[in-house]
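Participant: Here's a structure for you.
There are 2 protein chains.
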Amino acid sequence: MSGRLYALGTGPGASDLITVRAARIIGKLDVLYAPAGRKGGDSLALSIVREYLSDATEVRTCHFPMSADNDEKALVWDETAAALIHEVEQGKQVGFITLGDAMLFSTWVYLLARIGHPEWLEIVPGVTSFAAIASRAQLPLAMEQQSLAVMSCTVSHQALAEALRAHECVVLMKVYGRFAQIKALLQHLDLIDSAVLMAEATLPGEQCWRDLKSVPGDQPLPYFSTILVNKQWRRQG
Amino acid sequence: MSGRLYALGTGPGASDLITVRAARIIGKLDVLYAPAGRKGGDSLALSIVREYLSDATEVRTCHFPMSADNDEKALVWDETAAALIHEVEQGKQVGFITLGDAMLFSTWVYLLARIGHPEWLEIVPGVTSFAAIASRAQLPLAMEQQSLAVMSCTVSHQALAEALRAHECVVLMKVYGRFAQIKALLQHLDLIDSAVLMAEATLPGEQCWRDLKSVPGDQPLPYFSTILVNKQWRRQG
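Chains R and V, in that order, give the protein sequences.
Residue 105 in our numbering is what sits at position 105 of the first sequence, and the numbering runs on without skipping anything.
Residue 401 in our numbering is what sits at position 164 of the second sequence, and the numbering runs on without skipping anything.
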């Protein structure tokens, strides 16, 4: 059997929100690469897929530093891409898992940029975190003529304000550490009652705040915290 | 057993791109409601989930008219919502399937607006079409500080142009019947080499055009045709 590499989106967090295709592929892998948040730390992506793994699969966790040093980051991506290619050249079935979808806000894309588009590569999409949040909060995203913007809260205040003016629905990712400013912006634009804040959607620690006015600006939030805004929707009461 | 209603995203088209959760739920349903494009016509959503259905499940296809008559549409949604509620009140396990994700550009949301948020409702997210297209075309969507806009090509030329100026990545849905105008806009903004056109992603009829300059403006396109734009990416050669 010739070697293949599968880049697999694991979905938002619950094990059964992975696709049937990804679950089946994971069960037949020789090697699985799983990114870990910290060096030697646990991998959330790995915990999602563990139940689909066969005993025969070797698991290698890899740590991608959040370092501001771009050379250090590039070195780790170079090494990981080279390791993946080496495994495939040995004829192995190799998986690389990534939280949510494989192509949206995903570390996998840095590896793709190095690996290119060989015939032996297959990318399997996953449920994005914001789709899972919309389902769990029962808050619709865009429909028909409406539009949706997906923004990281790490961008400028002005870019966030423009997106909130231009689109009916906005997903604000990476709220962590920036909630007070985002809350003030939503109040300024009279959108605070059209917003929902959710943390760790579909995981055991899931939390949902529907009345953002009453959430203190210094509320401690988990790392995976996201705000959804839908202008057509306003909180009752 | 008390009745429950599951709104289930089927994913983009391939049967194995549904979530494990949705597949398991579908296997245990008493009744499945499947939207059909035409009255008495086939349901693509139904064809996606058929392999997970038990013989004991009753299947009801329902047709939502594309009519410009809002009263006619509202009547069908009212009737379908009432029928779903009636099934749940009889203690049944009821499913309603919807292409892609359940909460993004989804007819299900019109039913949600009528049903509200009862304790017996669970919404299961799905892989959105644009995530599947990005994986199939191996074209990354936004990362890190970048942003993504998801637009319907039925909106104004100005709104599309603004989104293409403001965001690094743009998904242009519903290209069908509007390709010539969209192509001209992408050429005007010098984005034609940063765009990919895909039709029927993950289905047997999947087609991908990577050189949009060479695609004639009157190219016949399937109904499910979408353009992805990523400014960081330019076609080679």
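Think of the CB as a built atom: it goes at the ideal place given N, C-alpha and C, for glycine as much as any other residue.
(1) Would you mind giving the Cβ-Cβ distance between T226 (chain R) and G13 (chain R), rounded to the nearest angstrom? I have them listed as a contact below 8 angstroms.
(2) Is K411 (chain V) closer than 8 angstroms to T391 (chain V) when the C-beta atoms are compared?
(3) Excluding the 5 residues flanking V196 (chain R) on each side, which residues of the same chain have their C-beta closer than 6 angstroms to its C-beta?
(4) Taking the alpha-carbon of G353 (chain V) as reference, which of V:S304, V:A319, V:L281 and V:M238 has the nearest alpha-carbon?
(5) Are V59 (chain R) and L46 (chain R) close, meaning C-beta to C-beta below 8 angstroms?
(6) Which first and last residues belong to the alpha helix (DSSP H) in which A421 (chain V) is found?
(7) Within the 8 angstroms Cβ cut-off, does L5 (chain R) reach chain V?
(8) Which residues in the same chain have their Cβ closer than 8 angstroms to the Cβ of S304 (chain V), if we skip the five residues on either side of it in sequence?
(9) For E405 (chain V), which three-state DSSP category applies?
(10) Where A102 (chain R) and Y223 (chain R) are concerned, what is the direct C-alpha to C-alpha distance, given to the nearest angstrom?
(11) By Cβ distance, which residues of its chain are closer than 7 angstroms to G237 (chain R), with the 5 residues on each side in sequence left out?
(12) Which whole-angstrom value is the C-beta distance of F333 (chain V) and L348 (chain V), which I expect to be below 8 angstroms?
(13) Exposed or buried, which one is E200 (chain R) when buried takes at least 16 other CB atoms within 10 Å?
(14) Any idea which residues DSSP pairs E359 (chain V) with across the strands?
(15) Apart from the five residues just before and just after W345 (chain V), which ones in its own chain have a Cβ nearer than 7 angstroms to its Cβ?
(16) With a CB to CB cut of under 8 angstroms and the five nearest residues on each side skipped, what residues in its chain are close to W233 (chain R)?
(17) Tell me whether Q395 (chain V) sits in a helix, a strand or coil according to DSSP, three-state version.
(18) Of the residues R:A142, R:I133 and R:F64, which one's Cα is nearest the Cα of S106 (chain R)?
(19) Name the DSSP bridge partner or partners of E58 (chain R)?
(20) Run through DSSP, which three-state label would V412 (chain V) get?
(21) Between the alpha carbons of A386 (chain V) and L164 (chain R), how many angstroms are there, rounded?
(22) Which one or two residues does DSSP pair with F96 (chain R) in a beta bridge?
(23) On the CB-based measure, 16 or more other CB atoms within 10 Å of its CB, does N70 (chain R) come out buried or exposed?
(24) Buried or exposed for P441 (chain V), please, with buried defined as at least 16 other CB atoms from any protein chain shown within 10 angstroms of its CB.
(25) Excluding sequence positions up to five away, which residues of its chain have a Cβ less than 8 angstroms from the Cβ of S147 (chain R)?
(26) When the cut-off is 8 angstroms and only beta carbons count, does I360 (chain V) lie next to chain R?
(27) Which residues in chain V sit within 8 angstroms of I18 (chain R), going by Cβ to Cβ distance?
(28) Within the 8 angstroms Cβ cut-off, does M66 (chain R) reach chain V?
Facilitator: In short:
(1) About 12 angstroms separates the beta carbons of T226 (chain R) and G13 (chain R), which is beyond the 8 angstroms limit, so they are not a contact pair.
(2) yes
(3) Only A137, L139, R210 and L228 meet the Cβ criterion.
(4) V:A319
(5) yes
(6) F416 to H425
(7) no
(8) K310
(9) coil
(10) 19 angstroms
(11) Low confidence applies here, because G237 (chain R) scores a pLDDT of 49, under 50, leaving its location unreliable; read the following figure in that light. Result list for G237 (chain R): empty, nothing under 7 angstroms.
(12) Right, the Cβ-Cβ distance comes to about 7 angstroms (below 8 angstroms), so this counts as a contact.
(13) buried
(14) V:Y243
(15) A244, F333, T335 and A339
(16) By the criterion of a C-beta distance shorter than 8 angstroms, W233 (chain R) is surrounded in its chain by L139, P140 and S194, once the five residues flanking it on both sides are discounted.
(17) helix
(18) R:F64
(19) R:V31
(20) coil
(21) Their Cα atoms are separated by approximately 12 angstroms.
(22) Looking at the DSSP assignment, F96 (chain R) forms a beta bridge with R:A7 and R:Y33.
(23) By the neighbour-count criterion, in which a residue is buried when 16 or more other Cβ atoms sit within 10 angstroms of its Cβ, N70 (chain R) is exposed.
(24) Taking all protein chains shown into account, P441 (chain V) has fewer than 16 neighbouring C-beta atoms within 10 Å of its C-beta and is therefore exposed.
(25) A166, H167, E168 and C169
(26) yes
(27) T256 and V257
(28) M66 (chain R) does not count as touching chain V.
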